[in-house]
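S.K.: Quick one: this structure, given as C-alpha cells, is what I'll be asking you about.
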Amino acid sequence: MADFWNKLTIRQKLAITAWLFLAVPLVFYITIRFYPTFEAFYVSTLKWNLLGAKKAIGMKNYIKIFADEDFWLVLWNTIKYALVGVPVSMLIAFIIAYWLNEIDFGHDFIRAMYFIPFLTTAVAMAWVWRWFYQPLPIGYFNIMLSWVGIPQQPFLKSVTQGLYSIMAPAVWAGLGFQIVIFIAGIRAVPRSYFEAAEIDGAGRWQILREITLPALKPTIIFLTVVSTIGFLRIFDQVYTMSADSAGGPLNSTKPLVLMIYEFAFDEFKLGRASALTVILFLILLVVSLVQLWLMRKQK
Amino acid sequence: MSDVNATMARLERARPGKVILWTLLFLGGVVMITPIVFMAATSFKTGQEVFELSIIPDRPTLENYLFILQESKFMRWMLNSLWVATFSTASVLFFDSLVGYTLAKFDFRGRQIVFIAILSTLMIPTEMLIIPWYMMSRSFGWIDTYWGIAFPGLMTGFGTFLMRQFFMSLPDELIEAARIDGWSEFAIWWRIAMPLVIPALSALAIFHFLGNWTAFIWPLIVTNDPDIYTIPVGIASFNGEFQMDWEIVMTASCLATLPTLLVFLLLQKFIIRGIMLAGLKG
C-alpha cells in the first residue's frame, strides 16, 4: 500500500487527496439533493397516497392542476406577493439606506433599529401582527384609524386586504437585510465618482440618477432576485396568520407552497403535490435565468 | 460631560436639513421596532392590563414567564432548536469549507463538474425536496428525531460557493511552502487556510444558525411529537392551546426572539459586516 502510494506523482497524490476530501460531501449531495430532485419529478407522475400502491398516471397530475380553478387563484396570489412585495420593500429599503448612509451620528444605533426585525422568527411575530390587525377595541391599527376617523377595517378577515396584511410583516422582516446590502453597495461606489460629479456642478438628484443608481445595478439585481424568490416561496406568515383556515379567507391569501403543503401533508396526494413543486421549481428557475442574463449584459 | 459637549458642537455644525433627516430616520426606526417593543411590554402585563395601550405596565409581573416555563415545553423546544442549529452549523462550517477549499486549491480532473453540480443545487427549491425527504425519513425512521430535522441542511451549495470564493484569494505559495515542510493536506487546510478565512466562516455561521433557528416548514413536517418540536413549530402549536391568552403567546414569542437579539446586540458590527460580505460575494 505504502509502496503504491510512493510510486504516484505529486499530481496524482493531490488528485486522490481531493477526491478523499470530497467523498463524504459527494455522498450527501447525491443522496440528499440529486436523488430527491429526480424523485420529485418521478412522484409527480404518480397517483399515490403514501400508504397504498403507486400508480403511474403520466401527466395527469399536471392536467388536473391546470384544470383546477384554485390553482390559478393560488398562482395569482403567489405572483401578487412578489409583484407588490418586491418593489415596495426595495423602494423603502433604498430610500432608508440612501439617507442612512449620510448620517454619521448614531449611525449604528439607527441601523440596528431597522435591522432587528430581520432577526425575528416569522412564526413568533405572527402573533404580534395578528393582534395589531384585531378589530376594535384591541387592534392597534384599527385604534389608529379611529383616531383619524376612518371606519374599522377587517384586515386579515377580508378577501381583498388579507393578502396585503400578511405581506406587511414579510416586508417588515426583510427590510433590514435589504438596507444593509444597499448600504454596502453604495459604499462600494468609488468616492471619486461623486467628487467628480460635484465638481462638475451636478445636483443631488442628478448624481443619484446618473451615478449612484447605475453603479448599484448589480446590487439591485441581486436583491430583486433574492426577494422575488423569497416572496414566491412565502409560507410561514400565511400558515400562521391567515384567518378562518390556513390560506383563508376563501383561499384569498394562499400561496403555492401552502397549497403544496396541504396536498402533501393534509390530503396525502403526493403525486399532485410533487407536480406543484415541479411547477414552483420551473417558476424559480425562470427568475434565476433572468438574473444570469441580466448579469451577463452587465459585463 | 465632554461627550455631551462634543455632541452639541457636532449638532451645531450640522445643517438643519441633517437634523430633520436624522429625526425622520429615527422615527422610522421606532416604527420598525414597535412590534418587538409591544411584544416585550405585553409579556410583563397581567391579564387585566393586557388591552391597555401603555408601554410600561402599571403592575409588571413575571407570571407569564413562569407560566410558559412551567406549563409548556418551551425550555425543551429551546434546547431542541439550540442543539439542531448548533449541530447543523458545525457541519456546514466543516464540510462547506472543506469542499470550497478542495474546489479552490486542488487541481484535478472532474473539478469543474463537481463545482457546477454543487452550484446547480442552488436552483432547486427546498419545497421540491420536502416530499422525497419525508418519504426517506419515514422509511429510515427519522421522523421525530433531531437527525431528521437536521439532515437536509448539513451541507449547502451557498456556503460551498462562498468559501470557495474566499479560499481562491489565498496565495498558493502559502500552501506550497507548507507542503515542502511536510504538512499533511488536511493539516494545511485546517491549520493554515481555515484561520485565514475566519470572517467568511463567521458570516456563514451567522446565516446558517439564524436560518435554522427560524426554520419552520421542514421541522413542522418531520416532527409530530411535542418533545421534538423546535421553537417555531412549538409556538405555532399554541394556536389551538392558548387561543386568546395574548399575554402568554406574547411571552413565548418574546422568549423565542430573545436569543438572536442578544447575540446581535453583542456582535452587531461583526454580524453586519458578515452580511455585507456574503451579500457582495454571493
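Line by line, the protein sequences give chains B and E.
If you count by our numbering, then the first sequence holds residues 18 to 316, one letter each, in order.
If you count by our numbering, then the second sequence holds residues 15 to 296, one letter each, in order.
Just so you know, even glycine gets a beta-carbon here, dropped at the ideal spot from N, CA and C.
Since we're looking at a predicted model, the values are computed, not measured.
#1: Could you tell me if W144/B is buried or exposed, where buried requires 16 or more neighbouring beta carbons within 10 angstroms of its beta carbon?
#2: Do you know how far the Cα of R221/B is from the Cα of F65/E?
#3: Between the alpha carbons of M15/E and V211/E, how many angstroms are there, rounded?
#4: Relative to the C-alpha of V105/B, which candidate in A84/B, L31/B, V188/B and D20/B has its C-alpha closest?
#5: Give a yes or no on whether the minimum CB-CB distance between M15/E and chain B is below 7 Å.
#6: Does the stretch 124 to 139 of chain B come close enough to the stretch 46 to 59 of chain E to have 3 or more Cβ pairs within less than 8 Å?
#7: If you follow the alpha helix (DSSP H) that V98/E is in, where does it begin and where does it stop?
#8: Flag this pair as yes or no: are the beta carbons of A250/E and V140/B separated by less than 7 Å?
#9: Rounding to the nearest angstrom, what Cα-Cα distance links F129/E and R178/E in this structure?
#10: Decide if M89/E is buried, meaning its Cβ has at least 16 other Cβ atoms within 10 Å, or exposed.
#11: Please check the pair T95/B and L302/B, which I expect to be a contact at CB under 8 Å, by giving their CB distance rounded to whole angstroms.
#12: Would you mind working out which of M182/E, F120/E, F230/E and I70/E sits nearest Q29/B, comparing C-alpha positions?
#13: Decide if M182/E is buried, meaning its Cβ has at least 16 other Cβ atoms within 10 Å, or exposed.
#14: Inspect the CB distances between the stretch 259 to 272 of chain E and the stretch 137 to 148 of chain E and report whether three or more fall short of 8 Å.
#15: Can you say whether R152/E is buried or exposed, counting buried as having 16 or more other CB atoms within 10 angstroms of its CB?
#16: Do the stretch 75 to 95 of chain B and the stretch 284 to 292 of chain B make contact, defined as three or more Cβ pairs closer than 8 Å?
#17: On the three-state DSSP scale, how would you describe K64/B?
#18: So, does the CB of T228/E fall closer than 7 Å to a CB anywhere in chain B?
#19: Run the CB neighbour count on W203/E, radius 10 Å, all protein chains shown included, and call it buried at 16 or more, exposed below.
#20: In the structure shown, what three-state DSSP assignment does A73/B receive?
#21: Note down, in chain order, each residue of its chain lying with its Cβ closer than 8 Å to the Cβ of V51/E, except the 5 sequence neighbours on either side.
#22: Here's a check: name, in chain order, each residue in its chain whose Cβ is nearer than 8 Å to the Cβ of T135/E, leaving out the five neighbours to either side.
#23: Where does the unbroken alpha helix (DSSP H) through R204/B begin, and where does it stop?
M.R.: Working from what's here:
#1: Locating residue 144/B in the first sequence gives position 127, where the first residue counts as 1. Counting Cβ neighbours within 10 Å, W144/B comes out buried, since at least 16 surround it.
#2: Position 51 of the second sequence holds residue 65/E. Position 204 of the first sequence holds residue 221/B. Cα to Cα, the separation comes out at about 47 Å.
#3: Taking the second sequence and counting its residues from 1, the one referred to as residue 15/E is at position 1. Taking the second sequence and counting its residues from 1, the one referred to as residue 211/E is at position 197. Confidence at M15/E is low in this model, with a pLDDT of 46, below 50, so its placement is unreliable and no value can be given for it.
#4: For the purposes of this step, residue 105/B is taken as residue 88 along the first sequence, with counting starting at 1. Cα-wise, what sits closest to V105/B is V188/B.
#5: One-based indexing of the second sequence puts residue 15/E at position 1. Reliability fails at M15/E, whose pLDDT of 46 lies under 50, so the model's placement of it is uncertain and no value is given.
#6: yes
#7: Here residue 98/E refers to the residue found at position 84 when the second sequence is read from its first residue. F88 to K119 is the extent of the alpha helix (DSSP H) around V98/E.
#8: Counting from 1 along the second sequence, the entry for residue 250/E is found at position 236. Counting from 1 along the first sequence, the entry for residue 140/B is found at position 123. Yes, the Cβ-Cβ distance between A250/E and V140/B is below 7 Å.
#9: Residue mapping note: residue 129/E aligns to position 115 of the second sequence, counting from 1. Residue mapping note: residue 178/E aligns to position 164 of the second sequence, counting from 1. Their backbone Cα atoms lie some 10 Å apart in a straight line.
#10: Looking up residue 89/E in the second sequence gives position 75. Answer is exposed; the Cβ neighbour count stays below 16.
#11: By one-based count along the first sequence, residue 95/B stands at place 78. By one-based count along the first sequence, residue 302/B stands at place 285. Actually they are not in contact, since the Cβ atoms of T95/B and L302/B sit about 15 Å apart, beyond 8 Å.
#12: As a position in the first sequence, residue 29/B is number 12, starting the count at 1. The shortest Cα separation from Q29/B among M182/E, F120/E, F230/E and I70/E belongs to F120/E.
#13: The residue you call residue 182/E lines up with position 168 of the second sequence. Burial call: exposed.
#14: no
#15: Locating residue 152/E in the second sequence gives position 138, where the first residue counts as 1. R152/E comes out exposed.
#16: yes
#17: Reading the first sequence from its first residue, position 47 is the one you call residue 64/B. Note: K64/B maps to strand in three-state DSSP.
#18: Residue numbering aside, residue 228/E sits at position 214 when the second sequence is read from its first letter. Yes, contact with chain B.
#19: The count along the second sequence starts at 1 and reaches residue 203/E at position 189. W203/E is buried by the Cβ-count criterion.
#20: Within the first sequence, residue 73/B is the residue found at index 56, counting from 1. A73/B: strand per DSSP, three-state reduction.
#21: Here residue 51/E is taken as the residue at index 37 of the second sequence, counted from 1. If we look at V51/E and ignore the five residues flanking it on each side, its Cβ neighbours are I69.
#22: Walking along the second sequence from the start, residue 135/E turns up at place 121. Same-chain partners within the cutoff: G171.
#23: Residue numbering aside, residue 204/B sits at position 187 when the first sequence is read from its first letter. First-last of the alpha helix (DSSP H) with R204/B: G179 to A205.
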